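Scroll down for the structure; my scribbles are underneath it.
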Amino acid sequence: MDDQLLFEQFHAAYDIEPRAGSFDLLRATLMRIEVRPKRRAWLGFQVPRLSARLLAAALLVAVAFASAGAFIAINQYVHQTIPAKPHRSSPYTIPSPPAAAAGCSSVPRQWASYPVHPAKMLSATIGWAYGPMRTTDGGANWLDVSPPSIPGRTNKNDEFFLDPTHAWVAETAASVDKCVDHIVVLRTADAGRTWQEAAPIPVRFAAPTDLIWTGEFNQTSWFSFLDAQNGWLLLGSGPVNPYVASGGVDAAWVGAVWRVGDLYRTTDGGLHWTLAATNPGSGADCIPATPSVALHESVMSFSSLTTGWMFATCGLLGTRDGGVTWVKSATPLVPREAPVFFDQRHGLIFADGGALVTSDGGVTWSVRALPSRLGPIDFINPSEGWAVAVGDKPFQCSLNDLRPCSHNFRLYHTSDGGKTWAPGNFTSLVMPAAKFWPPSYLHFVDSRIGFIDPGGDPADTAHELSGLFKTTDGGSTWTRVDGTVEGP
Amino acid sequence: MSVDRDHSDLVHRAMAGDGGAFAELLRPEYRPAVRLANALLHNIDEAEDAVQEAAIKAWRKLGNLREGSPLRPWFLAIVANECRSVRRTKWWSGRVNDDVPESEADAGDVAAAVDLRLALAHLDYDQRLVLVLRYYLDMPFEDIALTLAISPKAARSRVERAVNRLRPILRVQEAVG
């Protein structure tokens, strides 16, 4: 692959121009708002060495006291129950509470968005979407069931959905001297009607300038719950990427790389958390990593109270003692995420160049081929699964041609654990939409009922062609089901 | 008045709160910024929004820009950071709903474009970023280095590592496609 070919391929794949008038819009915005940049003195001054040492010592003492205080607080904390917000209709924006520390940004968060992209459909009718939002009619209507914002809330958070009633939200929050320095976990056991708030968990920082670890796009993946009581929470921190730090950007909102981290465990459904391990992987060349491909996208999963897995830069880490110790597991392909287990023995991982399956609890892994140009994929048990992949040619109708395409994305099905994949018996996965873009979500709840999120069409600003689609016949026909969003 | 004087005048006016002056400073950087954001976000709406957010942040931080330093790498770093922050929801980060080239592109070109985008989805954000800076924005290693705050040698090394990571993925896709 020579340089010239790469130049040509990148330009062919991405060439685009800003839309007419978009710069004028930016200019108008800049002229409308009031900004007074602060001057930064570039003439450095020398800090006396003794003073610097005294300052460092004082910082260490302060950190030690803060950590001890936080530990005591966690173990003595009595969780509080708070109701979900009252509801109102139509999408809306809730401004984040102002951050406490000076210079911390506050980014308004769009809680209810349309169309809704589901996070986890659990049955033909019940499902969750990030927000959290919940549906009880198969995605036709979504209700915002999110807890009220916590003080100092930031835009870094994670949500985990276990079953129809249990969900967890982890919110990061600011203190008086740092934009993000602790986590607050909220748990619902009644489908979002009420939330219980656990004690704040401090995030450890190796250096004062370090930030909480979030992975790509500030995409967090901190949780893993085995059942309604037993769960794990992976928190890390590290330095900001150097190229970002140089830009004078607001470092408070930049995902950090992993340098130091803690794995917490709960046995009471997330109301209390205890430290299980520090720095799983325990090396600069083997640190937890967030998956970059949208399959199941978990950084950590557990198949029992003792056996768990973690996706790391060095490959797959495994624990057999509930997360206390972690060792690297040998796999024939490089994993791209933590495995999904259907029971204590059967699991699979999506990897570079295929999938890995195990039937002995992860002791050995076998390679399975996957359809080429793979999109989302889903298995309901160790044998039966579906995958969406790009069809042969041409896979997409013209933006100006609303007629159905004869070939585009195809749905594949396997009933032998991925040994063979059969393309669906349809000319296309057009569904009601004439134009169809690579889907971002595919999930089957059983052999017949499944959901797909076609991902939308950039030209379809009215969202007429995007949304959630449902099949009740194993994928032969699809019906659009998404509807209204109700917010607080 | 020289170009430098013009530039310096715009900087001083922008520092004094003149939005029009800052917009003029950004004008030559706007196109590469949108192209970068679109390549990272795969959505022109989100890309233009991200550039707008980045512009406002850049204006606030204009005092951090060293005198005489080029504006483009600095601004593109802010844009790249903004893009990193834009997507919160998990399935968006890896989704492959790429607006592939339409119009007259033949099926082979379109398939190659999709292959490249799918392959890039397997790389981490930093690797995608260096490849986009190098092969889409055609930036020399010196400018990539300024954007990433690393040495030109390290920039070259990062690009090479990303290409080495991309190559086998593309080969697999071509082989099974």
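Here the protein sequences come in this chain order: A and Y.
Position one of the first sequence corresponds to residue 376 (the working numbering), numbered consecutively onward.
Position one of the second sequence corresponds to residue 1408 (the working numbering), numbered consecutively onward.
Beta carbons are placed, not taken as given, at the ideal position from N, Cα and C, and that holds for glycine.
Bear in mind the structure is a predicted one, so any value in this text is a computation, not a measurement.
List the residues of chain Y that Arg-528 (chain A) touches, going by C-beta distances under 7 Å, in chain order. Working through the first sequence from its first residue, we reach residue 528 (chain A) at position 153. Per Cβ cutoff of 7 Å: no residues; Arg-528 (chain A) is ~13 Å from chain Y at best.
- Query: Terminal residues of the continuous alpha helix (DSSP H) containing Met-406 (chain A)?
  - Reply: Along the first sequence, one-based indexing puts residue 406 (chain A) at 31. Where Met-406 (chain A) is concerned, the enclosing alpha helix (DSSP H) stretches over 397 to 407.
Discussion item. Quick check: is the beta carbon of Ser-883 (chain A) nearer than 8 Å to any beta carbon in chain Y?
Written reply: The question about residue 883 (chain A) has no answer, for chain A in this structure spans 376 to 863.
Let me confirm a value: Lys-794 (chain A) is counted as buried when at least 16 other C-beta atoms fall within 10 Å, else exposed. Which label applies? Taking the first sequence and counting its residues from 1, one reaches residue 794 (chain A) at position 419. Under this definition Lys-794 (chain A) is an exposed residue.
message: Could you tell me the alpha carbon to alpha carbon distance between Asn-530 (chain A) and Leu-1447 (chain Y), rounded to whole angstroms?
response: The residue you call residue 530 (chain A) lines up with position 155 of the first sequence. The residue you call residue 1447 (chain Y) lines up with position 40 of the second sequence. So the two alpha carbons sit approximately 20 Å from each other.
ask   = Ile-408 (chain A) touches chain Y at which residues, Cβ-Cβ below 9 Å?
value = Here residue 408 (chain A) refers to the residue found at position 33 when the first sequence is read from its first residue. Correct list: Gly-1426, Ile-1463 and Trp-1466.
Whole angstroms are fine: how far does the CA of Gly-1426 (chain Y) sit from the CA of Lys-1468 (chain Y)? Locating residue 1468 (chain Y) in the second sequence gives position 61, where the first residue counts as 1. Locating residue 1426 (chain Y) in the second sequence gives position 19, where the first residue counts as 1. Their Cα atoms are separated by approximately 14 Å.
DSSP three-state call for His-788 (chain A): helix, strand or coil? Residue 788 (chain A) sits at position 413 when you count from the first residue of the first sequence. Residue state, collapsed to three classes: strand.
Exercise. Ordered along the chain, which non-local residues of its own chain (more than five positions away) have a Cβ less than 7 Å from that of Trp-597 (chain A)?
Worked result: Position 222 of the first sequence holds residue 597 (chain A). The residues are Asp-533, Ala-545, Leu-608, Leu-609 and Leu-610.
Local conformation of Gln-604 (chain A) per DSSP, three classes = For this step, residue 604 (chain A) is matched to residue 229 along the first sequence. Looking at Gln-604 (chain A) - three-state DSSP - the assignment turns out to be coil, as it is neither helix nor strand.
Problem set entry | Element boundaries [alpha helix (DSSP H), containing Gln-1459 (chain Y)] | In the second sequence, residue 1459 (chain Y) corresponds to position 52, counting from 1. Per DSSP, Gln-1459 (chain Y) belongs to the alpha helix (DSSP H) from 1451 to 1467.
Taking Pro-575 (chain A) as the query, report the chain Y residues whose CB atoms sit under 8 Å from its CB, ordered along the chain. Position 200 of the first sequence, counted from the start, is the residue given in the question as residue 575 (chain A). Within 8 Å Cβ-Cβ: nothing; Pro-575 (chain A) doesn't reach chain Y, min ~22 Å.
DSSP three-state call for Lys-531 (chain A): helix, strand or coil? As a position in the first sequence, residue 531 (chain A) is number 156, starting the count at 1. Of the three classes helix, strand and coil, the one that applies to Lys-531 (chain A) here is strand, per DSSP.
**Message:** DSSP three-state label for Glu-759 (chain A), please.
**Reply:** For the purposes of this step, residue 759 (chain A) is identified with residue 384 of the first sequence, where counting begins at 1. Correct three-state label for Glu-759 (chain A): coil.
Practice prompt. Spell out whether any CB of chain Y is found under 8 Å from the CB atom of Pro-393 (chain A).
Written response: Position 18 of the first sequence, counting from 1, holds the residue named residue 393 (chain A). It does: the Cβ of Pro-393 (chain A) has a partner Cβ on chain Y nearer than 8 Å.
Problem - Neighbour-count burial assignment, Ser-851 (chain A), 16 or more Cβ in a 10 Å radius - result: As a first step, residue 851 (chain A) is located in the first sequence; it is residue number 476 there, counting from the start. Ser-851 (chain A) should be labelled exposed.
TODO: Just tell me which of A:Glu-383, A:His-721 and A:Pro-798 has its CA closest to the CA of Leu-1544 (chain Y).
DONE: In the second sequence, residue 1544 (chain Y) corresponds to position 137, counting from 1. Closest option to Leu-1544 (chain Y), Cα to Cα, is A:Glu-383.
### Query
When the cut-off is 8 Å and only beta carbons count, does His-1419 (chain Y) lie next to chain A?
For this step, residue 1419 (chain Y) is matched to residue 12 along the second sequence. It does not; no Cβ of chain A falls within 8 Å.
Which whole-angstrom value describes the C-beta separation of Ser-612 (chain A) and Val-578 (chain A), a residue pair presumed to lie in contact below a C-beta threshold of 8 Å?
Position 237 of the first sequence, counting from 1, holds the residue named residue 612 (chain A). Position 203 of the first sequence, counting from 1, holds the residue named residue 578 (chain A). Right, their Cβ atoms sit about 5 Å apart.
Uninterrupted beta strand (DSSP E) stretches inside the segment 514 to 575 of chain A (no shorter than 3 residues) | 516 to 519, 528 to 536, 542 to 548, 557 to 563 and 569 to 572
Range covered by the alpha helix (DSSP H) that runs through Ile-1551 (chain Y): For the purposes of this step, residue 1551 (chain Y) is identified with residue 144 of the second sequence, where counting begins at 1. Taken as a continuous stretch (DSSP letters only), the alpha helix (DSSP H) holding Ile-1551 (chain Y) covers 1548 to 1555.
Exercise. How about Ala-1526 (chain Y) and Ile-1576 (chain Y): are their beta carbons less than 8 Å apart?
Worked result: Along the second sequence, read from residue 1 onward, the residue named residue 1526 (chain Y) stands at position 119. Along the second sequence, read from residue 1 onward, the residue named residue 1576 (chain Y) stands at position 169. Closer than 8 Å, so yes.
Answer yes or no: does any C-beta atom of chain Y fall closer than 8 Å to that of Gln-384 (chain A)? As a working note, residue 384 (chain A) is residue 9 in the first sequence. Cβ-Cβ to chain Y under 8 Å: yes for Gln-384 (chain A).
Can you name the residues of chain Y whose CB is closer than 9 Å to the CB of Thr-727 (chain A)?
Residue mapping note: residue 727 (chain A) aligns to position 352 of the first sequence, counting from 1. The sequence given here places Asp at residue 727 (chain A); Thr does not occur at that position. Correct list: His-1529, Pro-1575, Ile-1576 and Val-1579.
Sequence-distant residues of the same chain with beta carbon closer than 7 Å to Asp-374 (chain A), five excluded per side:
The displayed coordinates of chain A run from 376 to 863. Any statement about residue 374 (chain A) would go beyond what the structure contains.
Contact list for Leu-1469 (chain Y) against chain A, beta-carbon separation under 7 Å
In the second sequence, residue 1469 (chain Y) corresponds to position 62, counting from 1. Within chain A, the residues near Leu-1469 (chain Y) are Pro-412.
Quick one: residues in its chain with C-beta nearer than 7 Å to the C-beta of Val-699 (chain A), no 5 flanking neighbours on either side, listed in chain order?
Within the first sequence, residue 699 (chain A) is the residue found at index 324, counting from 1. These residues qualify, in order along the chain: Ala-651 and Ala-652.
_Measuring only the C-alpha atoms, how far is Gly-799 (chain A) from Thr-789 (chain A)?_
In the first sequence, residue 799 (chain A) corresponds to position 424, counting from 1. In the first sequence, residue 789 (chain A) corresponds to position 414, counting from 1. Approximately 10 Å between the Cα atoms of the pair.
In whole angstroms, what separates the C-alpha of Leu-638 (chain A) from that of Asn-654 (chain A)? Within the first sequence, the letter at position 263 stands for residue 638 (chain A). Within the first sequence, the letter at position 279 stands for residue 654 (chain A). Whole-angstrom Cα-Cα distance: 8 Å.
Could you check whether the Cβ of Leu-381 (chain A) sits closer than 8 Å to any Cβ belonging to chain Y? Here residue 381 (chain A) refers to the residue found at position 6 when the first sequence is read from its first residue. So yes, Leu-381 (chain A) belongs to the interface.
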